[in-house]
Amino acid sequence: MATDFKRWAKDRQARIETFLESRLPAVDHVPERLHNAMRYSVLGGGKRVRPLLAFAAGELAKADTKRVIVTAASVELIHAYSLVHDDMPCMDDDVLRRGKSTCHIEFDEATALLTGDSLQTLAFELLAEKCLADSPETQLIMIAQLARASGSRGMAGGQAFDLASVGKTLSLPELEFMHIHKTGALIRAAVMLGARCSNHLDEAQLERLDHFAKCVGLAFQVVDDLLDAEATTETLGKTAGKDADNNKPTYVSILGIGQARELAERLQHDADQVLDSFGDSAIRLRQVTDFIVKRKF
Ligand code: GRG
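In terms of our numbering, the sequence shown opens at residue 717 and continues consecutively.
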């Protein structure tokens, strides 16, 4: 089964890469430097966790794969934009991402800013393409869901909370609030958008899926904190140990390694339990969750 998942994930990662490759503007289109930076920041790296979740949710909902690819790519473009901006000197000020120089180091700050902006708008250009759902109304819901997940009541809001919390002591509920927004909102959008590519699931099922996605979003962040504390820069492809260096509150700083690991496992258990009612059709979602919790990078 593990090999089967590896093959499935590799296939979906390759498909998303090919699709993104085909939709990112070519480097010989003006402005060449910006297009080059966009392709540099998106292609050839990253685990593609959000697209994998969208594919897995799409399979649960028996959605047309062609629709899911476009939808998954739109979520990945938002993610890539957030990484480019997060790495800039005005935010996390990092030099390494996905095993190579960050965008503002490879290009320059202004180009990095425009790269993030352009990836964000390209995401919505894709999500507005014809017939990604069974009805235009559902597709509008999907567009609104991605917008909300990315903005001040989602990822950008979580980032603002994060920037304001450096050097402070946060309670566990405050830390959870921050991560539900900063990381969780986009992970939740990936799952829900993948599922909405068909109208196979009813509202009660969508609600259960949303609950699942919330658990996975938090589990993702707990593991991210553990990896920041335990893994090396070489394995991660980004600077390790930054949270402690920057005096950032994390699950590890609040709970310690052991309890943070237990929390990740408990969240995986909760996520799996929510999927019980879907039976075998949720197998890929279970496997992607397992990958998220057990990953080493
Ligand atoms: C700049 C609006 C704005 C938001 C930034 C997501 C984010 C908010 C910042 C990224 C900083 C960070 C390390 C967050 C922790 C979780 C996270 C998003 C890790 C990176 O995601 P992965 O592991 O990365 O999925 P890959 O490279 O595999 O795609």
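We put the beta carbon where it would ideally sit given N, CA and C, even for glycine.
Practice prompt. Can you grab the Cα-Cα spacing for the pair lysine 869 / histidine 897, in whole Å?
Written response: With the sequence shown as reference, residue 869 is identified as arginine, and lysine is not the correct amino acid for it. One C-alpha to the other measures close to 7 Å.
Fill in: 8 Å Cβ cutoff met for arginine 977 and leucine 942
yes
Worksheet entry | Residue burial classification, methionine 908 (beta-carbon count within 10 angstroms, cutoff 16) | buried
Worksheet entry | Bridge partners - lysine 722, DSSP secondary structure assignment | Note: lysine 722 sits in no beta bridge, so no partner.
Discussion item. Assuming the contact rule is C-beta atoms closer than 8 Å, arginine 766 and alanine 860 should be a hit. Round their C-beta distance to whole Å, please.
Written reply: Arginine 766 to alanine 860, Cβ: 18 Å. No contact.
Discussion item. Taking the alpha-carbon of aspartate 727 as reference, which of Ile785, Asp744, Met754, Pro741 has the nearest alpha-carbon?
Written reply: Ile785
Discussion item. With H, G and I counted as helix, E and B as strand and the rest as coil, what does DSSP make of serine 817?
Written reply: strand
Worksheet entry | Those residues which DSSP pairs with leucine 812 across a bridge | Ser817
Discussion item. Since valine 932 and isoleucine 1008 should fall inside the 8 Å C-beta cutoff, what is the C-beta to C-beta distance between them, to a whole number of angstroms?
Written reply: 6 Å
Worksheet item: If you compare alpha carbons, which of Ala960, Ala935, Tyr797 is closest to lysine 1010?
Response: Ala935
Fill in: Backbone CA spacing between glutamate 919 and alanine 911 [nearest angstrom]
11 Å
Item to complete: Have a look at aspartate 996 and leucine 830 and give me their C-alpha separation to the nearest angstrom.
Response: 44 Å
Discussion item. Nearer than 7 Å: is that true of the beta carbon of arginine 814 relative to any heavy atom of ligand 1?
Written reply: yes
Worksheet item: Can you list the beta strand (DSSP E) stretches of 3 or more residues lying completely in the region 960-1001, in chain order?
Response: none
Worksheet item: CB-CB under 6 Å to threonine 781, same chain, minus the five flanking residues each way: which ones, in chain order?
Response: none
Fill in: Cβ-Cβ distance between aspartate 944 and alanine 956 below 8 Å
yes
Worksheet item: Can you give the beta carbon distance from leucine 769 to isoleucine 903, rounded, assuming they're within the 8 Å contact cut?
Response: 7 Å
Worksheet item: Just to confirm, are phenylalanine 721 and glutamine 989 a CB contact at a threshold of 8 Å?
Response: no
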